[in-house]
Amino acid sequence: MKRRGLLVSLAVLAFAGVAAARFAPYLYVESWPLLNDPVTAMSPDPVRIAKGGMADDYFAVEELGEGVYAIGEPRYYQANYSYLIVGDKRALLFDAGSGTRDMHPVVKGLTDRPVTILPSHLHYDHLAGIGAGDRVAIVDLPSTRADVAGNRFSPGRYQFLGMFDGLKTPAFEVAEWIKPGATIDLGGRTLRLLSTPGHTPQSVSLYDAVGGRLFTGDFIYPTMLYAFLPGANRADYRQTAQRLLKELPPETRLWAAHCCRRNEGYAAPWLTMKDLADLDRALGRIDAGTLEATGFFPRRYRVNDQMDIGTTLSWIGS
Ligand SMILES: [Zn+2]
1 MKRRGLLVSL AVLAFAGVAA ARFAPYLYVE SWPLLNDPVT AMSPDPVRIA KGGMADDYFA
61 VEELGEGVYA IGEPRYYQAN YSYLIVGDKR ALLFDAGSGT RDMHPVVKGL TDRPVTILPS
121 HLHYDHLAGI GAGDRVAIVD LPSTRADVAG NRFSPGRYQF LGMFDGLKTP AFEVAEWIKP
181 GATIDLGGRT LRLLSTPGHT PQSVSLYDAV GGRLFTGDFI YPTMLYAFLP GANRADYRQT
241 AQRLLKELPP ETRLWAAHCC RRNEGYAAPW LTMKDLADLD RALGRIDAGT LEATGFFPRR
301 YRVNDQMDIG TTLSWIGS
């Protein structure tokens with residue numbers, strides 16, 4: 001009788017453990033607004049940027065050459081960076097920013113070409129800056145098509161995660177659905193859309209073969225990679241890293257969506273293919289159980305001197 005009681009207790013504990021692990025990312029995001037003071041999204045402090053110039057006392061604008069501009073939000077607590085890539089016929093804005101301040105005048109000041117906004121993924125800090133009347137392109141995946149009702153696209157609660165900033169999920173028309181692998185012609189220059197799941201299932205990167213650049217969104221950036229939010233998947237992270245390492249030239253420069261590099265201050269955050277190889281190696285060591293972690297949720301692992309990766313609880317392996 002006693003032994004049966006013990007077995008039942010162990011089974012209940014195991015079930016609770018698996019359930020807790022499965023639901024930990026959801027619990028984390030739902031409890032965030034309850035456990036934390038409302039985030040003051042914008043720092044009142046003046047910003048000293050390391051490169052480029054300030055616009056509207058909020059945006060850091062940095063020219064990267066060949067009609068590519070990084071537009072940062074150094075006063076926003078997530079320090080997002082969007083990228084404007086200008087062609088002869090049209091321009092592409094990779095990520096719309098947090099919406100804390102209107103980015104449209106800054107973009108208009110940089111190009112008179114028509115602008116299409118392509119979000120790197122559907123999180124609030126990359127999507128909330130989309131305004132009424134914007135021309136928006138979305139990656140064509142079954143999961144993004146499923147977010148359309150009528151003729152309006154609206155991401156799911158756990159795709160958008162607006163609870164962090166108290167934002168309502170947006171809804172907008174999609175002007176262009178772009179398939180993974182497709183070439184985007186801007187006139188005189190092309191970009192290739194790459195599906196790069198890991199941070200989220202819908203995450204994409206943009207490859208500029210002639211310029212030797214990959215715009216990575218949140219797949220990889222300096223500071224801590226978030227592999228612990230709903231939809232993040234460690235196995236996808238590793239598969240994407242290995243695919244990019246195989247497909248892209250080793251000198252490709254990675255331009256990321258969150259600042260900043262260690263010891264560089266506020267400047268468009270960049271990494272190299274070696275950093276990507278370090279990420280692949282760290283993920284392999286996490287899988288093998290040979291990399292030390294700190295913290296419980298997220299579990300934080302050191303990748304290299306520019307990056308950590310935060311994962312969900314160790315026993316669910318994603
Ligand atoms: Zn982000």
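Counting from 1, one number per residue, gives the positions in the sequence shown under full-length UniProt numbering.
C-beta: ideal position from N, C-alpha, C; glycine also.
Residue i burial status per 10 Å Cβ neighbour count (16 or more: buried)
| i | result |
| --- | --- |
| Y26 | exposed |
| A257 | buried |
| L225 | buried |
| F219 | buried |
| D185 | exposed |
| E62 | buried |
| W255 | buried |
| D35 | Looking at the sequence itself, residue 35 is Leu, so the reference to Asp does not match. It counts as exposed. |
| P142 | exposed |
| A227 | buried |
| R101 | buried |
| P230 | buried |
| P119 | buried |
| G99 | buried |
8 Å Cβ shell around residue i - same chain, five flanking residues per side excluded
| i | result |
| --- | --- |
| E30 | M163 |
| F153 | V136, I138, T144, D147, A171, F172, E173, V174 |
| A79 | G72, E73, H258, C259, C260, Y266 |
| L248 | Y207, L214, M273 |
| L245 | M273, L276, A277, D280 |
| D165 | V39, A41, S98, Y124, D125, A128 |
For residue i, the nearest candidate out of the options (CA to CA)
| i | options | result |
| --- | --- | --- |
| Q202 | P269, D236, R243, A70 | D236 |
| S205 | T223, Y28, R48, A182 | A182 |
| G109 | D56, S98, A293 | D56 |
| T312 | R261, V68, G198 | G198 |
| V210 | A171, T190, V303 | T190 |
| Y76 | Y58, N233, K168, P249 | Y58 |
| V115 | T100, G187, G166, E62 | G187 |
| A50 | G97, Q242, N263 | N263 |
| K89 | K246, G67, P249 | G67 |
| L283 | P250, R302, H126, D165 | R302 |
| T216 | L229, L193, A227 | L193 |
| R285 | P269, F94, R238 | R238 |
| P222 | V86, R157, S82, L271 | L271 |
| V53 | R300, R299, F297, A268 | Sequence inspection shows Gly at residue 53; the Val mentioned does not correspond to that position. The option with the nearest alpha carbon to G53 is A268. |
| G87 | P105, G289, D112 | D112 |
Which of helix, strand or coil DSSP assigns to residue i
| i | result |
| --- | --- |
| T290 | coil |
| M163 | helix |
| F219 | coil |
| V47 | coil |
| L186 | coil |
| Y158 | helix |
| A241 | helix |
| N304 | strand |
| A55 | strand |
| L193 | strand |
| A277 | helix |
| V107 | helix |
| E63 | strand |
| V86 | strand |
| A70 | strand |
| S205 | strand |
| Y77 | coil |
| L35 | helix |
| E247 | helix |
| R253 | strand |
| H258 | strand |
| T311 | strand |
| T100 | coil |
Contacts around residue i, its chain only, beta-carbon distance under 7 Å, and the 5 residues preceding and following it disregarded
| i | result |
| --- | --- |
| L122 | P155, Q159, F160, T200, Q202 |
| D140 | W177, I178, K179 |
| N151 | E173 |
| T169 | S154, P155, R157, F160, G162 |
Cβ of residue i within 7 Å of any chain B Cβ
| i | result |
| --- | --- |
| P180 | Looking for chain B here will not work: only one protein chain is present. |
6 Å CB neighbourhood of residue i in its chain, flanking five on each side removed
| i | result |
| --- | --- |
| L167 | Y124, A128 |
| T252 | G212, L214, M273 |
| P33 | M163 |
| A241 | L276, L279, D280 |
| M103 | G97, G129 |
Please determine if the segment 268–286 and the segment 303–313 are in contact, where contact requires at least 3 C-beta pairs separated by less than 8 Å.
Taking 8 Å as the limit for Cβ pairs, the verdict is that the segment 303–313 does touch the segment 268–286.
Within 8 Å, do at least three Cβ pairs link the segment 39–48 to the segment 125–144?
Under the three-pair Cβ rule at 8 Å, the segment 125–144 does not count as touching the segment 39–48.
Touch check for the segment 232–248 and the segment 289–301: three-plus C-beta pairs under 8 Å?
No, they do not touch.
Any heavy atom of ligand 3 nearer than 7 Å to the CB - residues listed
By its list of ligands, the structure shown excludes ligand 3, since it contains just ligand 1.
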